[in-house]
Amino acid sequence: MSMTDEQQVGPFGESRSVPGSARQVVNEMVDAGLLDDLMDRVDRDGLALTGAGGFLPELVKAVLERGLQAELSDHLGYAKGDPAGRGSPNSRNGTTPKTVETQVGPVALDTPRDRAGSFEPRLVPKGSRRLGGLDEQIISLYAGGMTVRDIQHHLARTLGTDLSHETISKVTDAVAEEVKAWQSRPLEEIYPIIYLDALVVKVRDGHQVRNRAAHIAVGVDLDGIKHVLGIWVQATEGAKFWAGVCAELANRGVRDVLIVCCDGLSGFPEAIEATWPQTTVQTCTVHLIRAAMRFVSYADRKKVAAALKPIYTAPTAEAAETELLAFADSELGRRYPATVATWENAWERFIPFLAFPPEVRRIIYTTNAIESLNYQLRKIIKNRGHFPSDDAVIKLLWLAIRDIEDKRARQRAKEQGTPANKRKAPARLVEGATVNGWKQALGALALAYPDRLTHHIN
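Residue 451 in full-length UniProt numbering sits at position 451 of the sequence shown, and the numbers go up by one each step.
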């Protein structure tokens, strides 16, 4: 962390460094006219700002070396040249040359030493060849979808920093422990609603590259706040895989779930019911509509969509069944029997939706809470080809979610103090976002599940 940084908690509860008073210092320098001479030299003398011998690397060098000398003075207990150091059991012992990679390019430092060899600098630790800001930049580029090779070329082209493939891999692998801690963190006792959706990723399996489903679960807590509960890459047969996921959530503290909204997943409803017997597994209505529309020609799509609407907006399951039978007997239904069959096959997992009042229906109607996230994630992974392992998939998706939420938070921070009607920064994507209309929905859920919710919300 730089000397002008402060600590802040990130979207997943992790410690994060953010700019502190740097902007204020720069503004003071501008007001004092200290940058005018610099810009004159850039224009008049061709002074370079970055690159070897540039102003910024030299400025970083001067600041770091001054900071290291101050650290050594603090370690020894006296300043350089201070008579108080005479007869001290330890003293300065020259410097050691060292080059560190930074966000403005390589910087050659003269690192001070002490005779006892007990000096352990914190500003640029022993053995460190990169400043923290560069590591953060590498991780941000990786989270944005760049491969290790892409990052290597980007840093060489923009900063003149030549980092090896192994070094960049180590930087990105360093977050593995954070991911593991996040994936195993304790959860709430009850989540009224959990959304589950998946995106397809390519993962190397031996000598072959196979398509696998990366499933992301988002839970809504009692305050209506969304949280990404975990990411799992499905590598085994459905029932066994889902039993493991449910067991993991239960072991992390989840004792009850009222409703799980998902697409049709083999083995998932059975695993849910084995872990939380009273949980309602609800097929995402939007997914069901899309699946049914796959068989419909473009010319008939609007007509079929209008004909299907009375089914999923029916007041009761009996009324919905009547509407489905009417659609099946209609000209459109006879023209598209596969569309009818799609609804019939999903019927038992669809009708729980109809038992809820409108306040709850609006929330469990779709897994859009995750779909919008997956849309952003697909843009990031589409150019990566394939992943070397399941862990690499989870690492990238976790970093990408964190990066997306961070960028949105920075945009919102810039607009603080701006009238609400003029703000353009996006809201939270998923993590920490609030469900619209949650108070009314929670009230309806409390009436539907009094024995399971009352003691949690009182």
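Idealized CB from N, CA, C, for every residue including glycine.
Are residue i and residue j closer than 8 angstroms when you measure CB to CB?
| i | j | result |
| --- | --- | --- |
| aspartate 390 | valine 175 | no |
| glycine 253 | arginine 362 | no |
| glutamate 65 | aspartate 114 | no |
| histidine 456 | leucine 258 | no |
| cysteine 261 | cysteine 284 | yes |
| tyrosine 195 | valine 218 | yes |
| valine 393 | valine 201 | yes |
| methionine 346 | leucine 288 | Correcting the residue identity first, residue 346 is alanine in this sequence and not methionine. Going by C-beta atoms, alanine 346 is nearer than 8 angstroms to leucine 288. |
| threonine 366 | isoleucine 225 | no |
| arginine 92 | leucine 72 | yes |
| glycine 117 | glutamine 183 | no |
| alanine 320 | alanine 314 | yes |
| arginine 378 | glutamate 405 | no |
| arginine 412 | alanine 420 | no |
| threonine 172 | tyrosine 142 | yes |
| asparagine 374 | aspartate 197 | yes |
| proline 112 | threonine 99 | no |
| phenylalanine 295 | alanine 328 | no |
| alanine 156 | aspartate 162 | yes |
| alanine 70 | tyrosine 78 | no |
| glutamate 415 | arginine 423 | yes |
For the alpha helix (DSSP H) containing residue i, list its first residue and its last residue.
| i | result |
| --- | --- |
| arginine 410 | 390-414 |
| histidine 215 | Taken as a continuous stretch (DSSP letters only), histidine 215 belongs to no alpha helix (DSSP H), being part of the beta strand (DSSP E) at 208-220. |
| leucine 453 | 450-457 |
| arginine 204 | From DSSP, arginine 204 is part of no alpha helix (DSSP H) but of the beta strand (DSSP E) over 190-205. |
| lysine 170 | 165-173 |
| threonine 275 | 268-275 |
| arginine 301 | 301-312 |
Please tell me whether, using a cut-off of 7 angstroms, the distance from the CB of residue i to the nearest non-hydrogen atom of the ligand GTP is below it.
| i | result |
| --- | --- |
| glycine 417 | The ligand GTP is not among the ligands present in this structure, which contains no ligands whatsoever. |
From this set, the options, which residue's C-alpha is nearest residue i's C-alpha?
| i | options | result |
| --- | --- | --- |
| alanine 108 | Gly54, Glu136 and Ser73 | Gly54 |
| residue 522 | Asp403, Pro450 and Ala413 | Because residue 522 is not part of the residues shown, which for the chain are 1 to 458, the question remains open. |
| tryptophan 343 | Ala291, Val360 and Ile364 | Ala291 |
| lysine 170 | Gly224, Ser330, Val148 and Ala213 | Val148 |
| isoleucine 138 | Glu323, Leu47, Ala400 and Ile190 | Ala400 |
| leucine 453 | Thr275, Gln208, Arg255 and Val124 | Arg255 |
| leucine 265 | Val286, His215 and Leu308 | His215 |
| leucine 199 | Ile151, Gly206, Arg212 and Leu187 | Arg212 |
| leucine 68 | Arg122, Asp82, Ser91 and Arg41 | Arg122 |
| lysine 302 | Val60, Leu332 and Glu323 | Leu332 |
| isoleucine 193 | Asp451, Pro450 and Leu445 | Leu445 |
| glutamate 263 | Val360, Glu371 and Ala181 | The question names glutamate, but residue 263 in the sequence shown is aspartate. Nearest of Val360, Glu371 and Ala181 to aspartate 263, Cα basis: Glu371. |
| alanine 250 | Pro277, Ala235 and Gly267 | Pro277 |
| arginine 129 | Thr167, His153 and Thr275 | Thr167 |
| tryptophan 398 | Val220, Glu178 and Phe295 | Glu178 |
| serine 140 | Ile380, Gly206, Glu248 and Thr322 | Ile380 |
| residue 474 | Pro89, Leu56 and Ala338 | Outside the shown range of the chain (1 to 458) lies residue 474, about which nothing can therefore be said. |
| residue 491 | Val220, Met146 and Val209 | Nothing about residue 491 can be reported from this structure: the residues present for the chain run from 1 to 458 only. |
| glutamate 359 | Leu447, Ala299 and Ala328 | Leu447 |
| tyrosine 191 | Val286, Ala317, Thr279 and Arg185 | Thr279 |
| lysine 180 | Glu248, His154 and Val124 | Glu248 |
| leucine 442 | Arg44, Pro357, Lys395 and Thr418 | Pro357 |
| isoleucine 364 | Gln376, Tyr312 and Asn90 | Tyr312 |
For chain B, is any of its Cβ atoms less than 8 angstroms away from the one on residue i?
| i | result |
| --- | --- |
| methionine 293 | The displayed structure is made up of one protein chain only, and chain B is not part of it. |
Where do the ends of the beta strand (DSSP E) carrying residue i lie?
| i | result |
| --- | --- |
| valine 229 | Valine is not the amino acid found at residue 229; the sequence shown has leucine there. Residues 226-234. |
| valine 245 | Per DSSP, valine 245 belongs to no beta strand (DSSP E); it is in the alpha helix (DSSP H), 238-251. |
| valine 179 | First-last for valine 179: 176-183, but that is the alpha helix (DSSP H), not the beta strand (DSSP E). |
| valine 286 | That residue, valine 286, is in no beta strand (DSSP E); its alpha helix (DSSP H) goes 285-293. |
| leucine 258 | 256-262 |
Touching by the beta-carbon criterion (3+ pairs, under 8 angstroms), the segment 240-247 and the segment 263-283: yes
Completely contained beta strand (DSSP E) runs for the UniProt region "Disordered" (78-119), where each covers 3 or more residues: 92-102 and 105-114
Meets three-Cβ-pair contact criterion under 8 angstroms: the segment 385-401 and the segment 348-363: no
Within the segment 323-385, ranges of the alpha helix (DSSP H) (whole runs, at least 4 residues): 331-335, 337-345, 347-350, 358-364 and 368-381
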